[in-house]
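Student: Residue numbers (our numbering): 411 to 683.
(1) Indicate whether residue 627 and residue 673 have their beta-carbon atoms separated by less than 8 Å.
(2) Going by DSSP, what residues sit across from residue 659 in a beta bridge?
(3) By alpha-carbon positions, which one of 477, 488 and 478 ends up nearest to residue 467?
(4) Comparing C-alpha positions only, which one of 530, 511 and 581 sits nearest to residue 559?
(5) Taking the straight line between their C-alpha atoms, what separation do you get for residue 547 and residue 621?
(6) List the endpoints of the continuous alpha helix (DSSP H) containing residue 536.
(7) Do residue 611 and residue 578 have their C-beta atoms closer together than 8 Å?
(8) Just list the residues that DSSP pairs residue 491 with in beta bridges.
(9) Using 8 Å as the threshold, is the region 442-450 in touch with the region 469-482, meaning 3 or more CB pairs across them?
(10) Below 8 Å between beta carbons: does that hold for residue 415 and residue 432?
(11) Can you give me the C-alpha to C-alpha distance between residue 665 and residue 653, rounded to a whole angstrom?
(12) What's the gap between the Cα of residue 552 and the Cα of residue 519?
(13) Could you tell me the distance, in whole angstroms, from the CA atom of residue 598 to the CA atom of residue 484?
(14) Within the present structure, is the beta-carbon of residue 653 separated from the nearest heavy atom of the ligand NAD by less than 7 Å?
(15) Can you give me the C-alpha to C-alpha distance between residue 418 and residue 676, rounded to a whole angstrom?
(16) So what does residue 485 bridge to, in DSSP terms?
(17) Mapping the DSSP letters down to three states, classify residue 509 as helix, strand or coil.
(18) Identify every residue that forms a DSSP beta bridge with residue 496.
(19) Are the beta-carbon atoms of residue 494 and residue 449 separated by less than 8 Å?
(20) I need the boundaries of the beta strand (DSSP E) containing residue 421, first residue and last residue.
(21) Do you know how far the Cα of residue 465 is from the Cα of residue 452?
(22) Using the Cα positions of residue 458 and residue 502, report the straight-line distance between them to the nearest angstrom.
(23) In whole angstroms, what is the alpha-carbon distance linking residue 434 and residue 646?
(24) Are residue 574 and residue 615 closer than 8 Å when you measure CB to CB?
(25) Count the other C-beta atoms from every protein chain shown that fall within 10 angstroms of the C-beta of residue 629, then say buried if there are 16 or more, exposed otherwise.
(26) Can you list, in chain order, the residues of its chain whose CB lies under 6 Å from that of residue 427, leaving out five sequence neighbours each side?
(27) Rounded to the nearest angstrom, what separates residue 528 and residue 538 at their Cα positions?
(28) Can you tell me whether DSSP reads residue 592 as helix, strand or coil?
(29) Alpha carbon to alpha carbon, how far is residue 613 from residue 724? Give it in angstroms, no decimals.
(30) Can you tell me whether residue 633 is buried or exposed? The criterion is at least 16 other CB atoms within 10 Å of its CB, across all chains shown.
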């Protein structure tokens with residue numbers, strides 16, 4: 411039997427908490443919270459009671475609890491692995507306003523949703539918070555998750571404005587200031603769009619998120635520096651990577667070579683001067 415573990419992290423920048431339960435076999439008696447709870451079941455099957463209704467939940471199911479929703483669960487088959495996010499009312503109101511332009515609190519009608527794409531995005535957001543990924547990555551993952559969670563209000567219609575000029579302004583900022591610790595707020599301010607609107611418009615225009623675009627710009631600049639013989643440490647610092655490991659992982663993912671292997675390709679060139 412696996413030992414039950416619990417991991418949690420508060421993210422003050424996003425205004426929410428992420429927690430992870432692994433190998434849990436005890437029941438949860440009916441209880442309620444004053445905040446929103448968004449969760450994903452990764453392993454185990456349970457009987458959930460919420461608002462007087464009972465249903466079976468299992469891997470891939472998304473759980474959505476409003477503040478004040480009474481809920482509890484008991485084990486049905488296998489220990490529980492679960493990722494959860496606690497979002498205070500004020501944070502949720504600000505997020506919804508960013509997406510819809512209206513400062514209102516959503517009310518989720520169904521506590522259990524079978525949406526694989528939403529589950530994937532919630533897991534991405536959860537990992538980004540728990541692993542304390544860079545702020546820009548956490549911000550845009552949150553925007554994409556809420557955009558999926560609130561599709562009717564999130565402006566996902568094909569008729570949404572293209573915002574090409576705004577996206578290009580964002581690109582110019584990232585190309586000019588790639589070494590700086592840019593946040594989504596910085597980029598959206600330059601573009602003249604809200605954070606959620608920018609992420610969606612950027613993805614439509616470029617096929618990637620602002621964070622992925624910024625990484626590509628940084629790696630491209632890093633290649634130029636390595637070709638000139640700059641050290642790996644110098645290159646990582648000069649191109650805005652927070653540490654050597656992050657630099658190596660990103661560079662390898664994009665180029666297929668480690669920074670050291672790429673630098674070695676040009677050794678003869680820069681050793682000649």
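Cβ coordinates follow ideal geometry from the N, Cα and C atoms, glycine included.
As the structure is a prediction and not an experimental result, all values here were calculated from the model.
Tutor: Looking at the coordinates:
(1) no
(2) Residue 659 is not bridged to any residue.
(3) 488
(4) 530
(5) 6 Å
(6) 526-540
(7) no
(8) 453
(9) yes
(10) yes
(11) 18 Å
(12) 21 Å
(13) 44 Å
(14) As presented, the structure is devoid of all ligands, the ligand NAD included, so that no description of it is given.
(15) 45 Å
(16) 456
(17) helix
(18) 427 and 447
(19) yes
(20) 415-421
(21) 17 Å
(22) 24 Å
(23) 41 Å
(24) yes
(25) buried
(26) 420 and 496
(27) 15 Å
(28) coil
(29) Since the first residue of the chain shown is 411 and the last is 683, residue 724 is not available in this structure.
(30) buried
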